[in-house]
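Heads up, the sequence shown is in numbering that gives the first Met the number 0, so the first residue is 0 and it goes up one at a time. Virtual Cβ for every residue (Gly too), placed ideally from N, Cα, C. Computed from a prediction, not measured in an experiment: that's the story for all the values here. One structure below.
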Amino acid sequence: MGNAVIGFIGLGIMGKPMARNLLKAGYPLIVHNRSRDAVDELSGEGAQAAASSKEVAERSETVITMLPDSPDVDLVYAGEQGIFTGVKSRTLLIDMSSISPIVARKLAAEAEKRGCDMLDAPVSGGEAGAISATLSIMIGGKAAAVERAMSIFQTLGKNIVHVGDAGAGQVTKAANQMVVGTTIAIVGEALVLAAKAGVDPAKVRQALLGGFAQSKVLEAHGQKMLDRNFKPGFRIRLHEKDMKIALATGSEYGVPLMVTGVVGQMMTAMKGMGNDDLDHSGLVKFVEELANKELGK
0 MGNAVIGFIG
10 LGIMGKPMAR
20 NLLKAGYPLI
30 VHNRSRDAVD
40 ELSGEGAQAA
50 ASSKEVAERS
60 ETVITMLPDS
70 PDVDLVYAGE
80 QGIFTGVKSR
90 TLLIDMSSIS
100 PIVARKLAAE
110 AEKRGCDMLD
120 APVSGGEAGA
130 ISATLSIMIG
140 GKAAAVERAM
150 SIFQTLGKNI
160 VHVGDAGAGQ
170 VTKAANQMVV
180 GTTIAIVGEA
190 LVLAAKAGVD
200 PAKVRQALLG
210 GFAQSKVLEA
220 HGQKMLDRNF
230 KPGFRIRLHE
240 KDMKIALATG
250 SEYGVPLMVT
260 GVVGQMMTAM
270 KGMGNDDLDH
280 SGLVKFVEEL
290 ANKELGK
């Protein structure tokens, strides 16, 4: 029996390499994207193009979405030419975007009315993880649906955890973005402090990597800061959106997220400075501006 036909909607920095990995694994793929270039690129590699989200749903047994924000996901599923207008009973719906848990739960309930299972399965690992198929995948939804999707998840990632019912994946992703965002901010502060105090920040990073301060953020993003490499793997504006989701979720459940709030405001400041399309490691530029000290100078 051949692989199920997968529809993939959203071919951005993350979505395109994820879709490509599914193609490489032998899945028949139907693709749709707001801009045409990525669709044409994947069509040249064997994918089939669809003109709308509705058409993707009509032609697919499983539909994956990878979109920027909650309103985008809501529109793609519930809009006039959305997935719900073309979906068949028993279709497996997998949203791998990072969105509000409230929206994720609402859409899962709508999917159930149509006889479909829906999983929220946001990811961590950035563009590099999407390309190398080593993403961490955090899944909310029914266990039976997770089992149906497992071979797909194993094609896209390595650390695959079913954390609970609908919306649980998005709560987990919010927690992930809190930890990553605040760590990027503190790594930036530490390296700028070193530089302003006359100590080589590259050597400080090397020393910290050998102790309790060691982290993937210090390793990867700390090096990006030193190299001045802010080519977006994950844009500041998208991380700011995720911090807002975390803060809204914290407000809903009465959990104060004070550090998250401060770092979220740093990201908002970067937007005001016109720097929100930089990689999130570019947050160091905000610290540099306040300290009047740029790394490497």
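Less than 8 Å between the beta carbons of residue 144 and residue 245, yes or no?
No, these two residues do not count as a Cβ contact at 8 Å.
Straight-line Cα distance separating residue 94 from residue 247
Cα-Cα distance, rounded: 20 Å.
Could you pull out every residue in the same chain whose Cβ sits closer than 6 Å to the Cβ of residue 140, ignoring the five residues on either side in sequence?
For residue 140, where only same-chain residues beyond five positions count, the Cβ hits under 6 Å are 118 and 165.
Suppose only complete runs of 4+ residues qualify. What are the alpha helix (DSSP H) ranges in the segment 237-278, listed by chain order?
If you keep only unbroken alpha helix (DSSP H) runs of at least 4 residues inside the segment 237-278, you get 257-271.
If you draw a straight line from the C-alpha of residue 169 to the C-alpha of residue 3, how long is it?
Looking at the two C-alpha atoms, the distance is approximately 26 Å.
In angstroms, rounded to a whole number, what distance separates the CA positions of residue 282 and residue 189?
Straight-line Cα distance between these residues: approximately 13 Å.
Sorted by chain position, which residues of the same chain lie with C-beta nearer than 6 Å to residue 110's C-beta, five sequence neighbours on each side aside?
Contacts found: 92 and 117.
Name the DSSP beta bridge partners of residue 94, please?
The partner list for residue 94 (beta bridge, DSSP) reads 64 and 119.
With distances taken from CA atoms, which of 96, 160, 104 and 161 is nearest residue 62?
With distances taken between CA atoms, residue 62 lies nearest to 96 out of 96, 160, 104 and 161.
Can you tell me where the alpha helix (DSSP H) with residue 150 in it begins and where it stops?
That run of the alpha helix (DSSP H) goes 142-155.
Straight-line Cα distance separating residue 133 from residue 123
Going from the Cα of residue 123 to the Cα of residue 133 covers about 9 Å.
Please classify residue 139: does DSSP put it in a helix, a strand, or coil?
Here DSSP, grouped into helix, strand and coil, assigns residue 139 to strand.
Leaving out five residues on either side along the sequence, give the residues of the same chain with a beta carbon under 6 Å from the beta carbon of residue 201.
Correct list, in chain order: 225.
Going by beta carbon distance, what residues of the same chain come within less than 6 Å of residue 147, once the five residues before and after it are set aside?
Closer than 6 Å at Cβ, skipping near neighbours: 91.
Beta-carbon proximity of residue 232 to residue 156, cut-off 8 Å
Contact flag unset, no.
Per DSSP, residue 158 is paired with what?
When beta bridges are read from the DSSP output, residue 158 appears opposite 135.
Residue 282 by DSSP, collapsed to three states: which one?
In this structure, residue 282 counts as helix in the three-state DSSP scheme.
Would you give the residue range spanned by the beta strand (DSSP E) that residue 6 belongs to?
Per DSSP, the continuous beta strand (DSSP E) segment holding residue 6 begins and ends at 5-8.
Check residue 234 in the structure and name its three-state DSSP category.
When DSSP states are grouped into helix, strand and coil, residue 234 belongs to the strand group.
Could you check which residue in 243, 278, 85 and 191 has the C-alpha nearest to that of residue 262?
Checked all of 243, 278, 85 and 191; the closest Cα to residue 262 is 243.
What is the rounded straight-line gap between the Cα of residue 41 and the Cα of residue 34?
Computed Cα separation, rounded: 13 Å.
Can you give the Cα-Cα distance for residue 180 and residue 270, rounded to whole angstroms?
Near 15 Å, if we compare the C-alpha coordinates of residue 270 and residue 180.
Name the residue from 127, 75, 223 and 20 whose alpha carbon lies nearest to the alpha carbon of residue 150.
Of 127, 75, 223 and 20, the residue nearest in Cα terms is 20.
With which residues is residue 304 paired in a DSSP beta bridge?
Any property of residue 304 remains undetermined from this structure, which presents the chain solely from 0 to 296.
With the cut-off set at 8 Å, would you say residue 268 and residue 195 are in Cβ contact?
With a cutoff of 8 Å on beta-carbon distance, residue 268 and residue 195 are scored as not near each other.
Rounded to whole angstroms, what's the CA-CA distance from residue 259 to residue 79? Just pull it up for me.
Rounded to whole angstroms, residue 259 to residue 79 spans 36 Å at the Cα level.
Contact belief for residue 31 with residue 51 at Cβ below 8 Å, rounded distance in angstroms
With 8 Å as the limit, residue 31 and residue 51 qualify as a contact, their Cβ atoms being about 7 Å apart.
Taking the continuous alpha helix (DSSP H) assigned at residue 224, which residues delimit it?
It spans 221-226 - the alpha helix (DSSP H) in which residue 224 sits, taken as one unbroken run.
For residue 217, which residues in the same chain have their Cβ closer than 7 Å to its Cβ, ignoring the five residues on either side in sequence?
Closer than 7 Å at the Cβ level, and outside the excluded window around residue 217, lie 186, 204, 207 and 208.
Excluding five sequence neighbours on each side, which residues of the same chain lie with their C-beta closer than 6 Å to the C-beta of residue 120?
Here the set comprises 93, 95, 136, 138 and 168.
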